[in-house]
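These notes concern the structure reproduced below.
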Amino acid sequence: MGKWEMVRLGDVCIVERGGSPRLISNYITNGDNGINWIKIGDTAPNSMYITKTEEKIIPAGVKKSRYVHEGDFLLSNSMSFGRPYILKIDGCIHDGWLLLRDKEKLFDKRFLYYYLSSDRVYDEFKSMVVGGVVNNLNSQMVRNLYVPLPPLPIQQKIADVLDRANTLIEKRKAQIEKMNLLVKSRFIEMFGDPVVNEKGWEQVTLRDVSLRMSDGPFGSNLKSSHYAESGVRVIRLQNIGVSEFLDSDKAFIPMEHYETLKKYTCLPGDVVIGTLGEPNLRACILPEHVEIAINKADCVHFVPDISKVVSCFVCEYINQPATLAIAGDSIHGQTRARISMSQVAALPIYVPPLDLQTRFADFVRQADKSKVGLQNGLDTLQRLYKSLTQKCFNGDLF
Numbered sequence: 002m003g004k005w006e007m008v009r010l011g012d013v014c015i016v017e018r019g020g021s022p023r024l025i026s027n028y029i030t031n032g033d034n035g036i037n038w039i040k041i042g043d044t045a046p047n048s049m050y051i052t053k054t055e056e057k058i059i060p061a062g063v064k065k066s067r068y069v070h071e072g073d074f075l076l077s078n079s080m081s082f083g084r085p086y087i088l089k090i091d092g093c094i095h096d097g098w099l100l101l102r103d104k105e106k107l108f109d110k111r112f113l114y115y116y117l118s119s120d121r122v123y124d125e126f127k128s129m130v131v132g133g134v135v136n137n138l139n140s141q142m143v144r145n146l147y148v149p150l151p152p153l154p155i156q157q158k159i160a161d162v163l164d165r166a167n168t169l170i171e172k173r174k175a176q177i178e179k180m181n182l183l184v185k186s187r188f189i190e191m192f193g194d195p196v197v198n199e200k201g202w203e204q205v206t207l208r209d210v211s212l213r214m215s216d217g218p219f220g221s222n223l224k225s226s227h228y229a230e231s232g233v234r235v236i237r238l239q240n241i242g243v244s245e246f247l248d249s250d251k252a253f254i255p256m257e258h259y260e261t262l263k264k265y266t267c268l269p270g271d272v273v274i275g276t277l278g279e280p281n282l283r284a285c286i287l288p289e290h291v292e293i294a295i296n297k298a299d300c301v302h303f304v305p306d307i308s309k310v311v312s313c314f315v316c317e318y319i320n321q322p323a324t325l326a327i328a329g330d331s332i333h334g335q336t337r338a339r340i341s342m343s344q345v346a347a348l349p350i351y352v353p354p355l356d357l358q359t360r361f362a363d364f365v366r367q368a369d370k371s372k373v374g375l376q377n378g379l380d381t382l383q384r385l386y387k388s389l390t391q392k393c394f395n396g397d398l399f
């Protein structure tokens, strides 16, 4: 990037930390005379948009901090996100956010968004983070970040190129999401709504249809200091997606430490349930290539009683929006909302005939085969996108 001037963000942008309203109880649902309050979790990482949430409106008279305008950037101060956003609405930000405003009007907003979203910036932030389990950014770190400042026409060209590449990626993601929706639709068609249970299936609890349900080891039994380069896999919250095992973030413990935690053993085909994060209740099936593993705290291990249910049916039942709604009253916690293992075990589940569950599992396997092809295409696009961003920000294209 030697061909372009590098500028310190603190010299050209306002960087401020958010705050908290005095009285959380003053939230209102009518936004006519209120201000949207933006909290962590109101959007997803790497998003250029945010959706207004009506239940997070506060009256205009309540003290607010850091008013955000359309086109401003937000960065979560947690390195579990650590990437910027561009807002499509006005509002106030909670203290989990950092506000970034281009006061000198030097940047094409899309260019700055793409640069701040790049791996090179994320890696630079990672080298600066402070804190313990949750590594946090602070406003001074963001102010001290240097970014390239090409001429505006070049910024716009780069943004246009990355917009087109990003559109291709989003289209492929949409195709995968359609496959996910097809599976959910098929579930409802075959088994009915979990809340209504219009087919009149026998209704029991998740505990009743399991051979084993257990949370992972807590506290000093399993800490990050126990992790190793190889050994027995540790299933963590970031590995549990909605009907999808997320395999990119791997952790292991040595075999000798596993020997002390054998009772937490998870095997291929078992269901693992996330009870913290987004969404607060989600499940996936442990894939065949993870031959042996243990589950960490907040990751519930479910072994099905195969005389009553199959893993695929249980997994999709848990991931139904209606099931999350059933669990809603059990989700607790202000800062990090979660549902406990005992509350998960007590959730109701209906029990259709096994042959019907097996037919559904066969349908899901066929859908998964289609998704593998789509996912491989997406992975290729994302690799090309990373290469493209490097060339753009190195000045190799323009």
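Residue numbering for the sequence shown follows the numbering used here, starting at 2 and increasing by one per position.
Ideal placement from N, C-alpha and C gives every residue a C-beta, glycine not left out.
Nothing here was measured: the structure is a model prediction, and the numbers come from that model.
Quick one: give me the first and last residue of the beta strand (DSSP E) that residue i is part of.
i: histidine 70; result: Unbroken run through histidine 70: none, as it is neither H nor E.
i: phenylalanine 399; result: Here phenylalanine 399 belongs to no beta strand (DSSP E), and DSSP marks it neither H nor E.
i: tyrosine 351; result: 349-352
i: valine 130; result: Element bounds for valine 130: n/a, residue is neither H nor E.
i: phenylalanine 303; result: 300-305
i: glycine 242; result: Taken as a continuous stretch (DSSP letters only), glycine 242 belongs to no beta strand (DSSP E), as it is neither H nor E.
i: leucine 99; result: 98-103
Taking only the alpha-carbon atoms, compute the straight-line gap between residue i and residue j and give it to the nearest angstrom.
i: leucine 379; j: leucine 183; result: 19 Å
i: lysine 392; j: leucine 357; result: 52 Å
i: asparagine 181; j: serine 225; result: 33 Å
i: methionine 7; j: tyrosine 147; result: 6 Å
i: phenylalanine 253; j: alanine 175; result: 33 Å
i: isoleucine 39; j: aspartate 96; result: 10 Å
i: phenylalanine 112; j: methionine 49; result: 12 Å
i: leucine 117; j: aspartate 369; result: 34 Å
i: lysine 251; j: arginine 234; result: 7 Å
i: histidine 406; j: proline 354; result: No answer is possible for residue 406: the residues shown for the chain start at 2 and end at 399.
i: asparagine 198; j: threonine 261; result: 43 Å
i: glutamine 141; j: tyrosine 86; result: 18 Å
i: proline 152; j: valine 365; result: 51 Å
i: aspartate 363; j: leucine 348; result: 25 Å
i: asparagine 37; j: leucine 107; result: 28 Å
i: asparagine 139; j: aspartate 43; result: 20 Å
i: valine 134; j: glutamate 190; result: In this prediction, valine 134 has a pLDDT of 49, which is less than 50 and means its spatial position is unreliable; nothing more can be read from the coordinates.
i: threonine 390; j: lysine 372; result: 26 Å
i: lysine 309; j: histidine 227; result: 37 Å
i: serine 128; j: phenylalanine 394; result: 20 Å
i: lysine 185; j: glycine 35; result: 37 Å
Suppose the cutoff is 8 Å on Cβ atoms and the five residues either side in sequence are ignored; what does the same chain contact list for residue i look like?
i: leucine 402; result: Residue coverage of the chain in this structure runs from 2 to 399, which leaves residue 402 outside it and unanswerable.
i: phenylalanine 188; result: Glu317, Tyr318, Gln321, Phe361
i: asparagine 137; result: Asn78, Ser79, Met80, Val130, Val131
i: leucine 100; result: Ile15, Val16, Glu17, Arg18, Gly19, Arg67, Val69, Asp73, Phe74, Leu75, Ile94
i: lysine 104; result: Val13, Cys14, Ile15
i: leucine 382; result: Ala166, Leu169, Ile170, Arg173
i: leucine 375; result: Arg173, Gln176, Ile177, Met180
i: glutamate 203; result: Tyr351, Val352
i: valine 453; result: An answer regarding residue 453 cannot be provided, because it is not within the stretch 2 to 399 covered by the chain.
Sort the options by Cα distance to residue i and report the nearest one.
i: valine 196; options: Ala326, Met129, Leu101; result: Ala326
i: lysine 89; options: Glu71, Gly97, Asn377; result: Glu71
i: methionine 256; options: Asn240, Val243, Ser244, Ala229; result: Ala229
i: phenylalanine 219; options: Arg121, Ser21, Ile307, Met342; result: Met342
i: arginine 384; options: Ser119, Lys127, Val365; result: Ser119
i: cysteine 300; options: Asn222, Lys372, Ile241; result: Ile241
i: cysteine 313; options: Thr359, Leu223, Glu289, His302; result: Thr359
i: serine 388; options: Lys372, Val373, Arg121, Glu289; result: Arg121
i: lysine 264; options: Asn222, Trp98, Ser186; result: Asn222
i: tryptophan 98; options: Ser21, Thr390, Lys158; result: Ser21
Excluding the 5 residues preceding and the 5 following residue i in the sequence, name in chain order all residues of the same chain whose CB lies nearer than 7 Å to its CB.
i: glycine 11; result: Arg144, Asn145
i: alanine 346; result: Thr206, Leu207, Arg208, Met214
i: glycine 278; result: Leu238
i: isoleucine 155; result: Phe399
i: aspartate 306; result: Val210, Ser211, Leu212
i: arginine 102; result: Cys14, Ile15, Asp73
i: tyrosine 123; result: Gly83, Arg84
Below 8 Å on the Cβ atoms is my contact criterion, and I expect residue i with residue j to pass it. Report the Cβ-Cβ distance as a whole number of Å.
i: leucine 163; j: tyrosine 115; result: 5 Å
i: valine 210; j: valine 311; result: Actually they do not touch by this definition, with Cβ atoms about 10 Å apart.
i: aspartate 109; j: alanine 166; result: About 16 Å separates the two Cβ atoms, so there is no contact after all.
i: serine 244; j: cysteine 285; result: 6 Å
i: lysine 297; j: glycine 201; result: So it is not a contact: roughly 38 Å between Cβ atoms.
i: glycine 83; j: phenylalanine 126; result: 5 Å
i: alanine 338; j: aspartate 194; result: Not quite, the Cβ-Cβ distance comes to about 24 Å (not below 8 Å), so this is no contact.
Please indicate yes or no: does the CB of residue i lie closer than 7 Å to some heavy atom of the ligand ZN?
i: leucine 382; result: The model on display carries no ligand, and the ligand ZN is accordingly not part of it.
To which residues of the same chain is residue i closer than 6 Å at the C-beta, ignoring the five residues directly before and after it?
i: arginine 9; result: Tyr147
i: leucine 398; result: Lys392
i: valine 291; result: Arg234
i: glutamine 367; result: none
i: glycine 232; result: Phe253, Ile254, Pro255, Met256
By the DSSP assignment, the alpha helix (DSSP H) with residue i in it spans what residues?
i: proline 154; result: 153-192
i: glutamine 141; result: 140-144
i: serine 388; result: 355-395
i: glycine 11; result: 10-13
i: valine 345; result: 342-346
Would you say residue i lies against chain B (beta-carbon separation less than 8 Å)?
i: leucine 385; result: No chain B is present in this structure, which holds just one protein chain.
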